[in-house]
Each structure stands twice: as C-alpha cells, then as structure tokens.
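Q:
Protein chains in written order, with my numbering: chain A, 1 to 341; chain B, 1 to 341.
Right, dumping it as structure tokens:
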C-alpha cells in the first residue's frame, strides 16, 4: 500500500451514512443533492503551518480546528452542514499523526452530520484547505449585505479568549488554572456556532463569524450593507467578555475583545422589535448572546469587498465617544503575520 | 487598501452573471442552486510549487492549469461546470503576478460558465487549492464503479504528450519545433475534456481523467468496479499516441503513454454495442477518441480505494502478452516526487 492509498484510507468512509450524499469520496467528484427549496452554501478556508497553527500542534486539535473554522462560515450563513472536501499538503506521511488528524476532523464532522466527500493529497509544506457545503433556504440566509438601520448588533458567547490563548501559547502573558485552560481551548478547539446560526436563519438580518476580530468582521457587514454601527463598549465588556480577559490591563483587554481574531463567535444584526425572538432562538441553541449596539445610517461602500472597520463608532453607555486607553491595537488579525511571531 | 483587499478585488466579479449562483464571493459562504433533477458534483485539487509547477511558471498558465485540472474531474463525471472556490497561499503579494494568475483562471472559467464564488488567502508557500462544483443527473453520472464486463475501453485525445513536455522542461530530452511546443502546451495549459464528458453522460459506463497515468487511472476504475482490462498496446500506440511520443525510443514512448501523468484526457468504458454512439458523441464534442481495449472479469477489490494498475493486462493485437522492452517504467505519477526532480 502506497502513501497515497494510506492517506485515502485513513479518511475514507462508506457512502450512504449522510443524507444528501449520493456518492462520497473515491471518484473524480462527489455527488451531492440539496433539499427542495434550499440552495447550497459553500465556503473555503486554508490553514498553513506557522500562520494558523504551530508546528507542534496536536494533530487531533488541528483536525478539529480546520473543520471548525469552515463550519463557522456555514453557521454565519444560517446553513445546515452537509459535506466537505479536504486538500492536504504534507511534508511526510506519519500514520499515527494522520490518524489523529482524521479523528479530530471526523469526530466534529460526525457531530454535525457533515460527510467528507473528497479531496486531494500532495507532498508540500503542511497546509490544509477545506471546502464545506451546507444548505439553507435562500430567503432565510444570513447575508452580510442585509443589515438595516434600526437593527440591533448582537454577538454570541465571549470575545477575546482565543487571543488570550495565543498570548499564553506565545509566552507573552503568564496565567494558569481553569481560565488559562479555557483560553487555550478556545484557540485550539473552537466551537462553531452551527445551532445558533440555524436558529437565527429567517430571524436575524445579517451575520458574520468573528475570525479576524469584531471590528474587522462587523466592518464587513457594514460595508456590504452600506451602513454604520454604534457599539456600547461597556455592554460589550460586561456581557460578552470572559473574566480572564476583562481582568487584563484595559488596553490589552480592549485590543483582545475588539480585534482579537480566532474566536469563531457570530456577530449579527436583527430588528430591535425582535429582541425576545433572538433571545428565544439563542436559548434553543443553548448559546449565550448579548446585544452590544445598533445599526445607523452610513455611506454605500465604494466596492462590495471594501473594508468597513472604520464604520464602527465606539460609545459609552451614555452615547459619548468611548475613551480608549493608550496602547489599544485595533487592527484585525493579520494572516500575513505568523502565529509564532 | 490592504493586501487582502487587493487579492479579493483582483478575483472579484459581481454576482448574477452565472445561472445557479445566488450569491457569489464576499460573504461567509456562496449560495448555489442546482437544476431540478440534478445533483451537485464536487471535486478538489491542490497544486504546490515545486511539485506540480516550477517556481518560474508563467502565472497565466498556472491560473489556467489550476482550474483545468479541476474541470477535468467534472468532465470525468459527465458534469456541467457551475462554480469553484480558490484557496491561495502566497509568499508575498505581487499585483502584476496576481492579475495574470486571475486572468488565466477566469478566462478559462468564463469559457465554461464557471463562476468563482469564494475562497481564502493567506501568507505561505505558494499553494493553490481549488474546489469545483458541477451538475449532472445522478443516473447519467460517469462513476468509477460502473465498468461492466463486455465494455470497450476508450481514451480521448493523445497520451504521453504532457510527460514529454515535462522531459523537455527538465532538459532530459531536447526537441524543437511545433511538436515540442505542443508538448509544453499540453503540460502547462491542458484542455479539460468538459464537452466530451457531458456528451458521454448517460452513454458511457465508467470514466476517470488521466492525471496520474493511464494504468493508474484506469486501475482506479477497475478496482472500484471489481473487474480487469485487456489493453491493445498496438492500437494505443497507433491511435492515441502523438507522433512526437511514438517516435521516441520504445521504452520511453511506452513509459510516457502508459504512465505519464498530467494529460487530462478521459479514459472511459462503454458497451461494445454502443461504439457508433460513442463516436457520434465524440464528434459532437469535437474530441478524438480511440477504442484501446475491453473490460474482462476480475476480483472484487479488498478496499473501495485500493489501487488497480495490476488489473490491466497489456496485449498485442493478436491477444498475446505484449513484449515490453527493457527499461519501461510503469509506476504512476508520484506527487511525492517533485516536478523539478
């Protein structure tokens, strides 16, 4: 058995276990069917060693995270996961490492009924590129361009924890105990908010997942929708910031909460009149959410893909400009910097 | 404008140009609809610098080839291209290089009505991972496990030319003129047999594209289908081998034709009673095809992904074992070896 055959077999499952998968991996292409009335939601993410993960990362955690960040994109569309493909470049073939990678990835896939339906393997610097497919009724999809003036701005879970985990991993900060463990887990094994995304489909207007930082990702919504936002920084720190981050020096805490990447929470907008319905949807999905601001008028973007972080106004609870402490860094996560930097 | 925004803009197109694309790139996921009665065919391929292309490759040719090898997988399913995603790792951002890459890729995409609907960009060793989506009626799809005893074995176009192009590029062989140019073009800018694949859907039984070499790729069909094949080597050399390859020393010519990768022709099986229909389909697709053998009984494979090159018997026109000259190398294209080796 050659190296390729080993790799294919490690990831192989018999077709038939997942509804909608007519033909799984092993052919030139997989065959997928979507439900009547639904369209297919498709998203790709690539993880490169030294940028998105350290060389000594546990393979099981890497397999989990590579799929989790892709499922997070489906969550941010309100889509139900259906299947995914994996393209894998490996410097060498280590069977135990590969089996652990496959276990981390396929365990999360099974939890979401999401079948691995194909891929490619090659020698090369360690790189994983995944493409996920989900389904959603197109009128219910959570599009970035759907935020409306008068919407509330909401965020799920807690922000800044993954950035704290990165600081601990890099040795920039020292901390021990359960909070340090939670921060590392948020970075290494994030939970995609798949149930929340589906619960919000048809209820929320716009959504994005927080992969590059709150300002950057909310900015994408604002630019696409041609609006601006006012954020209540005190509400954000009170209701959507974990204690371990809130207790850091203020400049660091705000940098992590506003611009820390990799949390994979959802930021979304919904009509102010539907606050109770949003809370009920979050309760059904067993996911905490917090209302942290509102959508206000803004200029149309000069390009559909323009950045929009500058459209976010940071206010205190009285509606005055929030006094940012010195040393706050609000640039989003830079994928052209290395995680090991 | 940051580097990411530049990259996104270079590849960006407005949604709406391609039927079936509800929402194109720029959101967390694209939204795709398939036609009633069709399922979605999905395939991924990854290209790594130094393995699949040389560092000095022309970016336009690289963009073309990265999409062509993925479209070739759709062709081998009999599917109509619909859309694709691109995950791109780049060591640095060079706008002119990027624009040329995008032009090579999007020109081929436009020729097939195949929209770029999403992707990801990161810093890293130059790597392209594409996932393509097509549609096909599931009963008409050209599956690898559908070859039947009594089928003919066919191949499109000509084999071995891309491997000759690689030998010229590496300086292993010297040749000039139109034939050398054609060999280089076959390697650098292959033509995916998309029209032929669709013309064969519902007519041929099984198909695969010849990316790893004829024996390896026909072997996948044979193992999946639990059959074996007899190939008429003289017919193969006469009807599916370009003069530039046929005129090489016999051991080299046979190595290139039987095991040279990267040609992206189709190998397929069809009932012997449908020979005229196959020729008519090929004529409609303006693609030459040649009948080079037949499917015979074989053992079920011990694993659905097992290799099957050993199931191919090489015969002369009288049905006797073909006398292979010394020095023939029949191992398939090894992606763990470098293209620059």
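Built from N, CA and C at the ideal position, the CB exists for glycine as well.
On a predicted model such as this, the values are computed, not experimentally measured, just so you know.
With DSSP collapsed to three states, give me the class of residue 119 of chain A.
A: Sequence index remark: in the first chain, residue 119 of chain A carries index 119 (1-based). In the structure shown, residue 119 of chain A sits in a strand (DSSP, three-state: E or B).
Q: What residues from the region 100-124 of chain A come within 9 Å of chain B, judged by C-beta to C-beta, listed N to C?
A: 117, 118, 119, 120, 121, 122, 123, 124
Q: Taking beta-carbon pairs under 7 Å, can you tell me which members of the region 38-49 of chain A lie near chain B?
A: 39, 40, 41, 42, 43, 44, 45, 46, 48
Q: Identify the residues that DSSP records as bridge partners of residue 209 of chain B: which are they?
A: Within the second chain, numbered from 1, the residue matching residue 209 of chain B stands at position 209. Bridge partners of residue 209 of chain B: B:266.
Q: Return the bridge partner residues of residue 39 of chain A from the DSSP annotation.
A: On the first chain, residue 39 of chain A is found 39 positions in, with the first residue counted as 1. Under the DSSP definition of a beta bridge, residue 39 of chain A partners with A:136.
Q: Which of the residues in the region 137-165 of chain B, read from start to end, lie with their CB under 9 Å from any CB of chain A?
A: 138, 141, 142, 143, 144, 145
Q: Apart from the five residues on each side of it in sequence, which residues of its chain come closer than 8 Å, Cβ to Cβ, to residue 140 of chain B?
A: In the second chain, the residue the question calls residue 140 of chain B occupies position 140. The answer, listed in chain order, is 78, 201, 202.
Q: What would DSSP say about residue 145 of chain A, mapped onto helix, strand or coil?
A: Walking along the first chain from the start, residue 145 of chain A turns up at place 145. Residue state, collapsed to three classes: helix.
Q: List the residues of chain B that residue 34 of chain A touches, going by C-beta distances under 9 Å, in chain order.
A: In the first chain, counting from the first residue as 1, residue 34 of chain A sits at position 34. Those are 32, 33, 34, 39, 40, listed as they occur along chain B.
Q: Please list, in chain order, the residues of the region 247-266 of chain B that have any C-beta partner in chain A closer than 9 Å.
A: Contacts with chain A (Cβ-Cβ distance below 9 Å) from the region 247-266 of chain B involve no residue at all.
Q: For chain A, check one thing: does any of its Cβ atoms lie closer than 8 Å to the Cβ of residue 303 of chain B?
A: Start at 1 with the first residue of the second chain, and residue 303 of chain B comes out as number 303. So yes, residue 303 of chain B belongs to the interface.
Q: Would you kindly work out how many angstroms separate the C-alpha atoms of residue 6 of chain A and residue 76 of chain B, rounded to a whole number?
A: For the purposes of this step, residue 6 of chain A is taken as the residue at position 6 of the first chain. For the purposes of this step, residue 76 of chain B is taken as the residue at position 76 of the second chain. Rounded to whole angstroms, residue 6 of chain A to residue 76 of chain B spans 24 Å at the Cα level.
Q: Any contact of the region 241-249 of chain A with the region 180-192 of chain A, i.e. 3+ C-beta pairs under 8 Å?
A: yes
Q: So that I know if they touch, is there some Cβ in chain B lying closer than 8 Å to that of residue 317 of chain A?
A: Within the first chain, numbered from 1, the residue matching residue 317 of chain A stands at position 317. At a cut-off of 8 Å, the C-beta of residue 317 of chain A has no neighbouring C-beta in chain B.
Q: Per DSSP, what kind of secondary structure is residue 193 of chain B in: helix, strand or coil?
A: Here the question's residue 193 of chain B lines up with position 193 in the second chain. DSSP places residue 193 of chain B in coil when its eight states are reduced to three.
Q: As a quick exercise: from A:325, A:303, A:326, A:292, pick the residue whose alpha carbon is nearest that of residue 319 of chain A.
A: As a first step, residue 319 of chain A must be located in the first chain, where it is residue number 319. Selected option, being the one with the closest Cα: A:292.
Q: Any C-beta of chain B sitting closer than 8 Å to the C-beta of residue 340 of chain A?
A: Here the question's residue 340 of chain A lines up with position 340 in the first chain. Residue placement at residue 340 of chain A is flagged as unreliable, the pLDDT there being 43, under the threshold of 50; the coordinate-derived value follows with that caveat. Contact of residue 340 of chain A with chain B is not assigned, every C-beta pair being separated by 8 Å or more.
Q: Let's test the definition: count the other Cβ atoms within 10 Å of the Cβ of residue 177 of chain A and tell me whether it reaches 16, buried, or not, exposed.
A: Position 177 of the first chain, counted from the first residue, corresponds to residue 177 of chain A. With fewer than 16 other Cβ atoms within 10 Å, it is exposed.
Q: Whole angstroms is fine: what's the gap from residue 333 of chain A's alpha carbon to residue 9 of chain B's?
A: Taking the first residue of the first chain as position 1, residue 333 of chain A is located at position 333. Taking the first residue of the second chain as position 1, residue 9 of chain B is located at position 9. Bear in mind that a pLDDT of 49 at residue 333 of chain A, under 50, signals an unreliable position, so the number given afterwards is only what the model happens to contain. Distance between the alpha carbons of residue 333 of chain A and residue 9 of chain B: 19 Å.
Q: Is it buried or exposed for residue 321 of chain B, if we count other Cβ within 10 angstroms and need 16 for buried?
A: As a first step, residue 321 of chain B is located in the second chain; it is residue number 321 there, counting from the start. Classification of residue 321 of chain B: exposed, given that the 10 Å Cβ count is below 16.
Q: Please go through the same chain and pick out, in chain order, the residues whose beta-carbon is closer than 8 Å to the beta-carbon of residue 300 of chain A, but skip the five residues on each side of it.
A: Start at 1 with the first residue of the first chain, and residue 300 of chain A comes out as number 300. The answer, listed in chain order, is 226.
Q: Could you tell me which of A:258, A:224, A:63 sits nearest to residue 155 of chain A, measuring between CA atoms?
A: The residue labelled residue 155 of chain A in the question sits at position 155 within the first chain. Nearest C-alpha to residue 155 of chain A: A:258.
Q: To test your reading of the DSSP string, which unbroken alpha helix (DSSP H) runs of 4 or more residues are found completely within the region 208-245 of chain A?
A: Runs found: 214-225, 233-239.
Q: Check whether the Cβ atoms of residue 272 of chain A and residue 145 of chain A sit closer than 8 Å, and answer yes or no.
A: By 1-based counting over the first chain, the position of residue 272 of chain A is 272. By 1-based counting over the first chain, the position of residue 145 of chain A is 145. Against a cut-off of 8 Å, the Cβ pair of residue 145 of chain A and residue 272 of chain A comes out as no contact.
Q: Kindly indicate if chain A contains any beta-carbon less than 8 Å away from that of residue 129 of chain B.
A: Counted from its first residue, the second chain places residue 129 of chain B at position 129. Interface residue, yes.
Q: Is residue 46 of chain B helix, strand or coil when you go by DSSP?
A: Locating residue 46 of chain B in the second chain gives position 46, where the first residue counts as 1. The answer is strand: DSSP assigns residue 46 of chain B an E or B state.
Q: Beta-carbon separation of residue 317 of chain B and residue 230 of chain B under 8 Å?
A: Taking the second chain and counting its residues from 1, the one referred to as residue 317 of chain B is at position 317. Taking the second chain and counting its residues from 1, the one referred to as residue 230 of chain B is at position 230. No.
Q: Should residue 107 of chain A go down as buried or exposed, given a rule of 16 or more other Cβ atoms within 10 Å for buried?
A: Reading the first chain from its first residue, position 107 is the one you call residue 107 of chain A. Exposed.
Q: So, do the region 164-177 of chain A and the region 270-289 of chain A have three or more beta carbon pairs nearer to each other than 8 Å?
A: No contact exists between the region 164-177 of chain A and the region 270-289 of chain A.
Q: Give the list of continuous alpha helix (DSSP H) stretches no shorter than 4 residues that lie fully inside the region 275-335 of chain A.
A: 275-284
Q: Using the Cα positions of residue 303 of chain A and residue 224 of chain A, report the straight-line distance between them to the nearest angstrom.
A: For the purposes of this step, residue 303 of chain A is identified with residue 303 of the first chain, where counting begins at 1. For the purposes of this step, residue 224 of chain A is identified with residue 224 of the first chain, where counting begins at 1. So the two alpha carbons sit approximately 8 Å from each other.
Q: Is there contact here, the region 125-134 of chain A with the region 79-90 of chain A, by at least three beta-carbon pairs under 8 Å?
A: yes
Q: Check the Cβ of residue 85 of chain A against every Cβ in chain B and list those closer than 7 Å, keeping chain order.
A: Working through the first chain from its first residue, we reach residue 85 of chain A at position 85. 42, 44, 131, listed in chain order.
Q: Am I right that residue 397 of chain B and residue 228 of chain B are in contact with their C-beta atoms under 8 Å? What's the rounded C-beta distance?
A: As displayed, chain B neither begins before 1 nor continues past 341, which places residue 397 of chain B out of reach and without an answer.
Q: Any C-beta of chain A within less than 7 Å: which residues of the region 63-83 of chain B qualify?
A: Taking 7 Å as the Cβ-Cβ cut-off against chain A, the residues of the region 63-83 of chain B that qualify are 73, 74, 76, 77, 79.
Q: Does DSSP put residue 250 of chain B in a helix, in a strand, or in coil?
A: Position 250 of the second chain, counted from the start, is the residue given in the question as residue 250 of chain B. The answer is helix: DSSP assigns residue 250 of chain B an H, G or I state.
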